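Residue numbers (our numbering): 12 to 283.
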């Protein structure tokens with residue numbers, strides 16, 4: 012059936028599926044209008060038709076608006092989808108970079124582990140070298156100590172007599188052996204008597220005595236006293252004492268006499 016220009020324009024703006032429904036309704040209205048015989052019936056029919064048309068028009072308008080909102084929502088969802096896809100691509104790229112960094116870190120960890128192995132081996136090598144050095148130094152220290160002992164031994168009898176009032180009977184370098192099998196080395200061992208009482212005089216020699224040497228000697232003297240059971244006197248001989256060590260001996264171990272090696276020949280020049 013023919014439609015007016017306004018109806019045609021309206022129909023063009025409507026979504027195709029809805030347009031088919033509207034055309035069918037309009038055609039049905041026109042068919043019913045043609046079948047109406049009387050003017051009164053036609054007017055009544057027209058009134059109902061107009062009301063129905065208004066309702067249909069309103070529904071179509073609402074559907075058109077809903078369609079527009081749906082299309083806008085679809086556009087928004089499409090845009091959100093694009094942003095989501097872009098974000099996913101960014102995350103994928105970030106994941107790729109993260110994996111690359113992890114691989115790089117793993118490689119660095121392997122390199123560090125290898126470097127650590129080399130460092131540990133170098134430390135072991137240095138430790139072995141340090142041990143050898145310490146053994147060499149200890150050997151040199153012992154050599155110096157024995158040299159001091161040999162130099163002062165000729166003056167020991169006169170020394171113990173003048174300083175301790177002890178008349179020496181035995182001069183020796185001796186190991187004091189304990190019941191448990193342990194022992195202390197007495198670099199200078201003197202056994203004699205003072206006013207009829209048995210007395211032991213124990214000496215230690217070091218080139219430059221330190222606190223550690225003095226503490227070690229003091230502990231040995233305690234063990235020797237407990238083992239021998241008699242009176243024990245102690246002295247230390249060195250080439251040189253630092254002011255700190257001299258003060259340490261005066262304040263902490265006044266019972267240990269500190270002697271310098273050159274003093275023996277000067278003070279006790281009488282040969283044994």
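Using N, Cα and C, we set each Cβ at its ideal position, and we do this for glycine too.
As the structure is a prediction and not an experimental result, all values here were calculated from the model.
**OP:** Identify every residue that forms a DSSP beta bridge with residue 182.
**Re:** 201
**OP:** Would you please state the rounded distance, in angstroms, between the beta carbons of residue 199 and residue 176? I believe it to be under 8 Å.
**Re:** About 17 Å separates the two Cβ atoms, so there is no contact after all.
Subject >> According to DSSP, residues forming a beta bridge with residue 194 >> reply: 188
**OP:** Please determine if the segment 222-237 and the segment 251-262 are in contact, where contact requires at least 3 C-beta pairs separated by less than 8 Å.
**Re:** yes
Original post:
In its own chain, which residues sit with a C-beta less than 8 Å from the C-beta of residue 235, not counting the 5 before and 5 after it?
Top reply: If you ignore the 5 residues before and after residue 235, its C-beta comes within less than 8 Å of the C-beta of 187, 195, 197, 211, 213, 243, all in its own chain and listed in chain order.
Subject >> Boundaries of the beta strand (DSSP E) in which residue 215 is found, first to last residue >> reply: Unbroken beta strand (DSSP E) run through residue 215: 208-217.
Original post:
Below 8 Å between beta carbons: does that hold for residue 173 and residue 204?
Top reply: no
Original post:
Hey, residue 277 and residue 267: beta-carbon distance below 8 Å or not?
Top reply: no
Original post:
What's the C-alpha gap between residue 206 and residue 193?
Top reply: 32 Å
**OP:** Check the DSSP bridge columns for residue 246 and list the partner residues they point to.
**Re:** 214, 268
Original post:
Quick one: what does DSSP say residue 220 is sitting in, helix, strand or coil?
Top reply: Coil.
**OP:** Just mark residue 83 as buried or exposed, buried being the case when its beta carbon has 16 or more other beta carbons within 10 Å.
**Re:** exposed
**OP:** Take the Cβ of residue 171 as the centre, count every other Cβ of all protein chains shown within 10 Å, and call the residue buried at 16 or more, exposed below.
**Re:** Under this definition residue 171 is a buried residue.
Subject >> Range of the contiguous alpha helix (DSSP H) that encloses residue 177 >> reply: Annotation for residue 177: no alpha helix (DSSP H) segment contains it, and DSSP assigns it neither H nor E.
Original post:
Should residue 103 be labelled buried (16 or more other beta-carbon atoms within 10 Å of its own) or exposed?
Top reply: exposed
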